[in-house]
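Peer 1: Under this note's numbering, the letters of the sequence shown match residues 38 to 243, in that order.
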Amino acid sequence: MIIRELGMTVFGLLCGSILFGRALPKWIKGIDVTEVSNDHNPGTANAMKYAGVPVGILCLLGDLLKGALPVYVAVGMGLVTDSWFPLIMAAPVLGHAYSLFYHGNGGKAIAVSFGVLIGLAPVQPELLLLLIILYLSGSALLIRPHTKRTRITYIFFAVGAAVLLMIQRIPRQVFGGALLISALVIHKNSIRQEFLEESTESLESL
Numbered sequence: 038m039i040i041r042e043l044g045m046t047v048f049g050l051l052c053g054s055i056l057f058g059r060a061l062p063k064w065i066k067g068i069d070v071t072e073v074s075n076d077h078n079p080g081t082a083n084a085m086k087y088a089g090v091p092v093g094i095l096c097l098l099g100d101l102l103k104g105a106l107p108v109y110v111a112v113g114m115g116l117v118t119d120s121w122f123p124l125i126m127a128a129p130v131l132g133h134a135y136s137l138f139y140h141g142n143g144g145k146a147i148a149v150s151f152g153v154l155i156g157l158a159p160v161q162p163e164l165l166l167l168l169i170i171l172y173l174s175g176s177a178l179l180i181r182p183h184t185k186r187t188r189i190t191y192i193f194f195a196v197g198a199a200v201l202l203m204i205q206r207i208p209r210q211v212f213g214g215a216l217l218i219s220a221l222v223i224h225k226n227s228i229r230q231e232f233l234e235e236s237t238e239s240l241e242s243l
């Protein structure tokens, strides 16, 4: 039934739209990380930097959970091979990147994308392992800036997902979800990099 698939997609979008990296620092410490940070990103790194490590860890766990929960439920409902599953996978990432609760303003969607793959891991652990390996490799190579490293990581993630599809390790629906997630994260981090470059140019012109 399409109502079930649509409901899971909307559920994922709503879960993703909860910006723990913005809400928890403000609620616990009275700090809006989007106002005090240079990049205005409501993410775990800024939460840790400006509100402390304990608050940052809570934000990280929240972002992982909001990505994992909708996908895990969808997996339990047997929707992995459903034509809607790519949208169900991408919905939490889209919600985080363009939050419904913050007028379309959101974060870079890295942690929530890991959460989605954690929710998928009980039946398809390959993508989670792939992204972990790529992310650790990018960090070890010290690729800078962080937004560039993220874009490169998710480009290789999409390529790796294509390889897994070709060797029949993942179904095409999961591959479609991986592509959508990669596109969203790459796009969001490209926008963030452009914003930082424009901010730097503005400061240098003063």
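Cβ coordinates follow ideal geometry from the N, Cα and C atoms, glycine included.
Just so you know, these numbers come straight off a predicted model, no measurement behind them.
1) Which residue comes first and which comes last in the alpha helix (DSSP H) that contains T118?
2) Assign L173 to one of two classes, buried (16 or more other C-beta atoms within 10 Å of its C-beta) or exposed (fewer than that).
3) Taking 8 angstroms as the cut-off, does the stretch 183 to 200 touch the stretch 115 to 129 (at least 3 CB pairs, one atom from each stretch)?
4) Could you check the C-alpha separation between K185 and Q205 for me, to the nearest Å?
5) For L50, which residues from the same chain have a beta carbon less than 8 angstroms from its beta carbon, with the 5 sequence-adjacent residues on both sides left out?
6) Please work out which residues of its chain come closer than 7 angstroms, Cβ to Cβ, to G213, disregarding the five sequence neighbours upstream and downstream, and give them in chain order.
7) If you follow the alpha helix (DSSP H) that K86 is part of, which residue opens it and which one closes it?
8) From G104 to A146, what distance separates their C-alpha atoms?
9) I need the straight-line Cα distance from C52 to G80, nearest angstrom please.
10) Does the stretch 70 to 84 touch the stretch 155 to 162, meaning 3 or more C-beta pairs lie closer than 8 angstroms?
11) For L179, is the classification buried or exposed, using 16 other Cβ atoms within 10 angstroms of its Cβ as the cut-off for buried?
12) Report the CB separation of L165 from L154 in whole angstroms; it is logged as a contact under 8 angstroms.
13) Quick check: what's the CA-CA separation for S120 versus E42?
14) Kindly indicate which three-state DSSP category P246 falls into: helix, strand or coil?
15) How far does the alpha helix (DSSP H) with K145 in it extend, from its first residue to its last?
16) Rounded to a whole number of angstroms, what is the C-alpha to C-alpha distance between P91 and M85?
17) Once the 5 residues before and after T187 are set aside, which same chain residues still bring their CB inside 6 angstroms of it?
18) Under 6 angstroms Cβ to Cβ from K63, same chain only, skipping five residues before and after it: list those, please.
19) Using beta-carbon positions only, say whether I189 and G175 come within less than 8 angstroms of one another.
20) Report the option in I94, M45, L216 whose CA atom is closest to the CA atom of F57.
Peer 2: So, from the listed chains and residues:
1) Run containing T118: none; DSSP gives neither H nor E here.
2) By the neighbour-count rule (16 or more Cβ atoms within 10 Å), L173 is not buried but exposed.
3) Three or more beta-carbon pairs separated by less than 8 angstroms are not found between the stretch 115 to 129 and the stretch 183 to 200, which leaves the two stretches without contact.
4) Rounded to the nearest angstrom, the two C-alpha atoms are 30 angstroms apart.
5) Sequence-distant Cβ neighbours of L50 in its own chain, meaning closer than 8 angstroms and more than five residues away, are A128, P129, L131, G132, L137.
6) P123.
7) For K86, the enclosing alpha helix (DSSP H) begins and ends at 81 to 88.
8) So the two alpha carbons sit approximately 10 angstroms from each other.
9) A straight-line Cα-Cα distance of about 15 angstroms links C52 and G80.
10) No: fewer than three Cβ pairs fall under 8 angstroms.
11) Answer is exposed; the Cβ neighbour count stays below 16.
12) About 4 angstroms separates the two Cβ atoms, so the contact holds.
13) Straight-line Cα distance between these residues: approximately 9 angstroms.
14) Lying before the first or after the last residue shown, residue 246 is absent from the chain, which here runs from 38 to 243.
15) It is not in any alpha helix (DSSP H) - K145 carries neither H nor E in the DSSP assignment.
16) Each residue's alpha carbon lies about 7 angstroms from the other.
17) So the list reads N226, once near-sequence residues are dropped.
18) These residues qualify, in order along the chain: D69.
19) For I189 and G175, yes; Cβs fall inside 8 angstroms.
20) Here the closest residue by C-alpha is I94.
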